[in-house]
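Below is one structure; the comments refer to it alone.
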Amino acid sequence: MARLTKTIVEKAEPKDKPYFVWCSDLPGFGVRVFPSGKRVYYIDYRNRDGSRKRMTIGPHGKITCEEARKLAMVTLGDVVKGEDPAEERRSRRTSLTVSQLCEDYFVAADKGLVIGRAGRPKKASTLTLDRSMVEAHIKPLLGKRLIIDLKRSDIQKFVGSVTAGKTAKAKPEKSGNLRGRIRRPGGPGAASRCTQTLGAILSWAVSQGVMEISPAAGVKKPATNKRERRLTADEFKALGTVFDETTANPFEAWQPVAELRLLALTGCRLGEVENLKWSEVDFEDSLLRLEDTKTGRSVRPLSEAAKDVLRSIKPKEGHPYVFPAERLQGRPFAGMKRAYRKLFVDAGLVGVTPHVLRHSFASVGADLGFTDSTIGAMLGHAGSGITSRYTHRLDSVLIAAANKVAEEISKQMRQQE
67 MARLTKTIVE KAEPKDKPYF VWCSDLPGFG VRVFPSGKRV YYIDYRNRDG SRKRMTIGPH
127 GKITCEEARK LAMVTLGDVV KGEDPAEERR SRRTSLTVSQ LCEDYFVAAD KGLVIGRAGR
187 PKKASTLTLD RSMVEAHIKP LLGKRLIIDL KRSDIQKFVG SVTAGKTAKA KPEKSGNLRG
247 RIRRPGGPGA ASRCTQTLGA ILSWAVSQGV MEISPAAGVK KPATNKRERR LTADEFKALG
307 TVFDETTANP FEAWQPVAEL RLLALTGCRL GEVENLKWSE VDFEDSLLRL EDTKTGRSVR
367 PLSEAAKDVL RSIKPKEGHP YVFPAERLQG RPFAGMKRAY RKLFVDAGLV GVTPHVLRHS
427 FASVGADLGF TDSTIGAMLG HAGSGITSRY THRLDSVLIA AANKVAEEIS KQMRQQE
């Protein structure tokens, strides 16, 4: 056995069976000579468990003997550090790409096997948003990367790219449903939201044994400069005026004003009101028994002012929804987005969304001196003690609180001093 050189490699005669020629200077480095005359460089080593491993470096001709030696020295150096190069290569060959991992995640989520923060399977609406984040930002930037190669620095770079708008779409795209179009902006808000989605997918991969550690853990998300907007008394007054004028117009749909009034007087989320069913309304006990919310089943207090809004609505025969679609049987009204934008513009309100009505309800409650826990219970916040179980009655004190908040909001809308 001698030092392996180009001359020795090329002079090695093929035999009936493959055989090795090992290097005397670098133990574990050798060349395998095949009956066909092909020569391939190898390394041979034992990992820290004592198992013998053998892996190819490359064929003679495509790499020289000295190039193969240098690669062997680096690889065998990794073995000394306790690494297992052959196992790593095998792992890379079987590693999923980020795109493949995302697809596996949604297959599991659609079967109810992915549990959200509330301890329940993720809702379809949440998964729809997650899918849009994956298609718009995650796949374009990371989709082809092997998850075995992902590092925290890669995720941080991803955050920076989305924040800078590299994956933003200039024009909205058709959503394929009745709710309008999908907007795919970049910026800090999009970066924060899609990093949250990516983190959830990688954490799921860890739970499934696909990865050991999520590279998204500890990644800093950008500040969104988001402020909790609330309506002032003058803005409530302007909104109430527009509501009255719109209601008096027989050519305007009645659902948007009624939905927004109910939002303002209950602090509910837009989706909870849009999909509200008569079976969930209990006039006698002054409550809403919501079957499906962001936090699961939830009971909310129903003020007298809110009941007046509901009593003014004549149920559509054979229709389960409080705010039904005019032409589609068994479907809720689907034109809220365009309608509420127009109503807010007509009232001269800037930076207002339906969520602002929810926050304004909470803010009025705070102005009246109610505690955070009471306000949280009225809003159906997770962990409030009310949303965590499905009850049939609510504390009279909570209903009284809802009455006081709704009464104050109604007073401001009616332009009373």
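Per our numbering, the sequence shown runs over residues 67 to 483.
The C-beta atom is built at its ideal place from N, Cα and C for all residues, glycine as well.
message: Please tell me whether Val87 and Tyr111 are closer than 9 Å, where the distance is taken between their beta carbons.
response: No, these two residues do not count as a Cβ contact at 9 Å.
task: For the alpha helix (DSSP H) containing Gly442, list its first residue and its last residue.
output: 438-445
task: Could you say if the stretch 317-324 and the stretch 466-483 meet the contact criterion of at least three C-beta pairs nearer than 8 Å?
output: no
message: Measuring straight from C-alpha to C-alpha, what distance separates Ala443 and Met402?
response: 26 Å
message: Just list the residues that DSSP pairs Ser364 with in beta bridges.
response: Answer by DSSP bridge pairing, in chain order: Leu356.
query: Looking only at its own chain, which residues have a Cβ that is under 7 Å from the Cβ of Ser161, when we skip the five neighbours before and after it?
result: Leu212, Ile213, Ile214
- prompt: Helix or strand or just coil, what does DSSP make of Pro125?
  reply: strand
- prompt: Would you call the stretch 293-302 and the stretch 409-421 in contact, with 3 or more CB pairs under 8 Å?
  reply: Result yes; three or more Cβ-Cβ pairs closer than 8 Å.
- request: Go ahead and label Ile441 buried or exposed: buried means 16 or more other beta carbons lie within 10 angstroms of its beta carbon, across all protein chains shown.
  value: buried
task: Under the assumption that Phe427 contacts Ile475 (Cβ atoms under 8 Å), give the Cβ distance between them as a whole number of angstroms.
output: 7 Å
Status (buried if at least 16 other CB within 10 Å, exposed otherwise) for Glu357: exposed
Within 9 Å, strictly: CB atoms of Ala324 and Ile379: With contacts defined by Cβ atoms closer than 9 Å, Ala324 and Ile379 form a contacting pair.
query: In the structure shown, what three-state DSSP assignment does Arg335 receive?
result: coil
- prompt: In chain order, what residues of the same chain lie with their CB nearer than 6 Å to the CB of Glu79, ignoring the 5 residues before and after it?
  reply: none
message: Using DSSP's beta-bridge definition, name the partner residues of Lys343.
response: Tyr387
query: Looking only at its own chain, which residues have a Cβ that is under 7 Å from the Cβ of Val225, when we skip the five neighbours before and after it?
result: Ala257, Thr261, Val285, Lys287, Pro288
query: How many Å lie between Leu368 and Val173 at the Cα?
result: Each residue's Cα considered, the two are about 39 Å apart.
task: Could you check which residue in Ala467, Arg295, Asp351, Lys128 has the C-alpha nearest to that of His421?
output: Arg295
- request: Answer with buried or exposed for Glu340, where buried requires no fewer than 16 other C-beta atoms within 10 angstroms of its C-beta.
  value: buried
Which listed residue (Val347, Ile123, Arg366) has its alpha carbon closest to that of Val463: Arg366
message: Counting C-beta neighbours from all protein chains within 10 Å, is the total for Phe100 16 or more, i.e. buried, or is it exposed?
response: exposed
field: Inter-stretch contact (C-beta, 8 Å, three-pair minimum) for the stretch 162-182 and the stretch 134-153
entry: no
query: Helix, strand or coil: which one does DSSP assign to Ala413?
result: coil
field: Host alpha helix (DSSP H) of Phe309 (start-end)
entry: 299-313
Through-space distance from Gly127 to Lys72, alpha-carbon basis: One C-alpha to the other measures close to 10 Å.
message: Closest to Leu216 by C-alpha separation, out of Trp344, Glu346, Val164, Gly253, would be which residue?
response: The alpha carbon of Leu216 has as its nearest neighbour, out of Trp344, Glu346, Val164, Gly253, the alpha carbon of Val164.
Beta-carbon separation (whole angstroms), Leu221 vs Pro281, contact threshold 8 Å: A small fix is needed here, since residue 221 is Ile in this sequence, not Leu. Right, the Cβ-Cβ distance comes to about 5 Å (below 8 Å), so this counts as a contact.
- request: Could you please give the first and the last residue of the uninterrupted beta strand (DSSP E) stretch that includes Trp320?
  value: Bounds of any beta strand (DSSP E) do not take in Trp320, whose DSSP letter is neither H nor E.
task: Kindly indicate which three-state DSSP category Pro206 falls into: helix, strand or coil?
output: helix
Alpha helix (DSSP H) runs wholly inside the stretch 155-183, at least 4 long, in chain order: If we require 4 residues or more, the alpha helix (DSSP H) runs fully inside the stretch 155-183 come out as 164-176.
message: Let's test the definition: count the other Cβ atoms within 10 Å of the Cβ of Ile109 and tell me whether it reaches 16, buried, or not, exposed.
response: buried
As assigned by DSSP and simplified to three states, the class of Arg393: Three-state DSSP puts Arg393 in coil, outside helix and strand.
message: In whole angstroms, give me the CA-to-CA distance for Val375 and Thr359.
response: 21 Å
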